[in-house]
């Protein structure tokens, strides 16, 4: 791109990038995503869901740099040292930028952690983790008066979710897989400004910006289907640079509109959880949301150490 | 399945199959495909597009065994020894069953072959090959008074084409990717009875039925995208048996109906080629179909030996 020393080669863009040009590329792609999908407007109060990893710290950093009002939210999932370290990266970033970091501790406030929830529900840890985070993100955003919830999902994440939804032709999930979802009953607007950047690019952003982040993958996630889909897409990308972006962005461009017509006919009725007030699709007389049901089961279970769940998953993977 | 000696293990069905049970499985899946998509009706005169490979010979054999009136059509593509051998397998099968095998020789009747067409058009050989075959299959079926054209596309083929169309979100191609297409202007009804069988299953069918077939892959196809997609799907299938069938059959079940509504609004106008009368999407005053344009360019080019195209593709693949 220029005579500056290259920090990253990007076959998709058929060029090497120096630190300055990489930042330009990232800013341009994030601005384009925000504009194309009307993610943020002046006056928004944004809450960024922060894991302590590269993506969530990068998106928080970029939004602040672009002049948005953005605080962070960290949920302590109780995944041993991994969670402790992740929380410290989130705090360090917030302190440096002088921004507020809200925190929720699953064990301290709701009486369970992800490994325990996994064993108590007999489901993969990622299932309980995702459910918990979605609920707590929504609640914190609404309680804190934020107008929009921001997550750091990047192109690799979204393409992998899309591949999973497509391989199953889960048409309802496909119709909902949009980078900007409007607010509805008890849920804030939700946006994903990093959809046009890969995880190599967000990692490079953090490196050139001097942001320390959790570089480990979550030990609970090893061997999960989502990571398998990422590998599959990386294979396709290696054979044909640009294939991953074409897959995800092509979906938004050409398939999502077809599904939107269909989705408009099928608005799902929501009711309020009798325990916490959150929106739920339950149609029981006294509806209880999935999060409150998870809390009930998981908090009644004796604490399970992280290593037990990791070991079990490693044994399953070997079979 | 029984005490008979196993000839094939099928993880998707979680069982090993003896020769007799394998044939039962194949007959059941083909009958289901024919019924589900109204592929064939009593009184149909079927023309099977026969390459000399396992799939086309298997589908011809199954249709005859199920009592359908089915002749074959072999197109000599001029791909050196590969084509000569393939033609002999097709003839031997026809002779054994006492059925008629129509033949078309590209070089003899149209003045070109696939390697030459590839060089003359500067496109991959599979492009000229597919275009030639589609045109000649349609013409032979209509000229011969056949009511339906049968091809041996199996689950692996269709899933790979689907993956390619999906990765590009080629919505028009997705809408047309159906196992049974009605007749329209100058084109016969087209059906794919093997969509519920994998290539391992059709190969096993040929083996237990004593059918000799061309076991080599086409030398022109090596390294093409379609084979890459097959490999990708085989990786997904290995990680999760049944994933390939769920992908393709789930598409037919849940996505194709959504696209059909859309396709109904977009009927493409066809006109007749001024040279051969075939249907064409060309909207010129004197429309010439893609086949006649190919014949014009390829027959004017001096013959190109197979090895030259294979060698060029091998060099490209190494890059």
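Chains as they are written, first to last, in the working numbering: chain L, 3 to 321; chain R, 3 to 321.
The beta carbon of each residue, even a glycine, is placed where N, CA and C say it ideally should be.
Under 8 Å between the Cβ atoms of residue i and residue j?
{"i": "residue 234/L", "j": "residue 251/R", "result": "no"}
{"i": "residue 116/L", "j": "residue 142/L", "result": "no"}
{"i": "residue 61/L", "j": "residue 196/L", "result": "yes"}
{"i": "residue 253/R", "j": "residue 171/L", "result": "yes"}
{"i": "residue 204/L", "j": "residue 57/L", "result": "yes"}
{"i": "residue 14/L", "j": "residue 244/L", "result": "yes"}
{"i": "residue 96/L", "j": "residue 71/L", "result": "no"}
{"i": "residue 144/R", "j": "residue 46/R", "result": "no"}
{"i": "residue 77/R", "j": "residue 108/R", "result": "yes"}
{"i": "residue 1/R", "j": "residue 187/R", "result": "An answer regarding residue 1/R cannot be provided, because it is not within the stretch 3 to 321 covered by chain R."}
{"i": "residue 173/R", "j": "residue 314/L", "result": "no"}
{"i": "residue 35/L", "j": "residue 178/L", "result": "no"}
{"i": "residue 91/L", "j": "residue 54/L", "result": "yes"}
{"i": "residue 10/R", "j": "residue 247/R", "result": "no"}
{"i": "residue 208/R", "j": "residue 59/R", "result": "yes"}
{"i": "residue 41/L", "j": "residue 193/L", "result": "yes"}
{"i": "residue 120/R", "j": "residue 311/R", "result": "yes"}
{"i": "residue 152/L", "j": "residue 66/L", "result": "no"}
{"i": "residue 166/L", "j": "residue 215/L", "result": "no"}
{"i": "residue 21/L", "j": "residue 308/L", "result": "no"}
{"i": "residue 126/L", "j": "residue 226/L", "result": "yes"}
What are the start and end residues of the beta strand (DSSP E) that includes residue i?
{"i": "residue 18/L", "result": "17-20"}
{"i": "residue 103/L", "result": "103-107"}
Specify, as a first and last residue, the run of the alpha helix (DSSP H) that residue i falls within.
{"i": "residue 204/R", "result": "201-210"}
{"i": "residue 97/R", "result": "82-99"}
{"i": "residue 291/L", "result": "First-last for residue 291/L: undefined, no H or E at that position."}
{"i": "residue 138/R", "result": "127-145"}
{"i": "residue 284/R", "result": "It is not in any alpha helix (DSSP H) - residue 284/R carries neither H nor E in the DSSP assignment."}
{"i": "residue 46/R", "result": "No alpha helix (DSSP H) holds residue 46/R; DSSP gives it neither H nor E."}
{"i": "residue 178/L", "result": "173-178"}
{"i": "residue 119/L", "result": "116-123"}
Identify whether residue i lies in helix, strand or coil by the three-state DSSP scheme.
{"i": "residue 194/R", "result": "coil"}
{"i": "residue 51/L", "result": "strand"}
{"i": "residue 68/R", "result": "coil"}
{"i": "residue 150/R", "result": "strand"}
{"i": "residue 37/R", "result": "helix"}
{"i": "residue 164/L", "result": "helix"}
{"i": "residue 27/R", "result": "helix"}
{"i": "residue 214/R", "result": "coil"}
{"i": "residue 227/R", "result": "helix"}
{"i": "residue 2/L", "result": "The displayed coordinates of chain L run from 3 to 321. Any statement about residue 2/L would go beyond what the structure contains."}
{"i": "residue 189/L", "result": "strand"}
{"i": "residue 261/R", "result": "helix"}
{"i": "residue 272/L", "result": "coil"}
{"i": "residue 156/L", "result": "coil"}
{"i": "residue 306/R", "result": "coil"}
{"i": "residue 313/R", "result": "helix"}
{"i": "residue 170/L", "result": "coil"}
{"i": "residue 233/L", "result": "helix"}
{"i": "residue 277/L", "result": "coil"}
{"i": "residue 219/L", "result": "coil"}
Give the residues of chain B in contact with residue i, contact being defined as C-beta atoms less than 7 Å apart.
{"i": "residue 234/L", "result": "Here chain B cannot be found, since the structure's protein chains are L and R."}
Determine which residues share a DSSP beta bridge with residue i and list them.
{"i": "residue 10/L", "result": "19/L"}
{"i": "residue 241/L", "result": "Residue 241/L pairs with nothing; no bridge assigned."}
{"i": "residue 77/R", "result": "106/R"}
{"i": "residue 254/R", "result": "Answer is none; residue 254/R lacks a bridge partner."}
{"i": "residue 182/L", "result": "193/L"}
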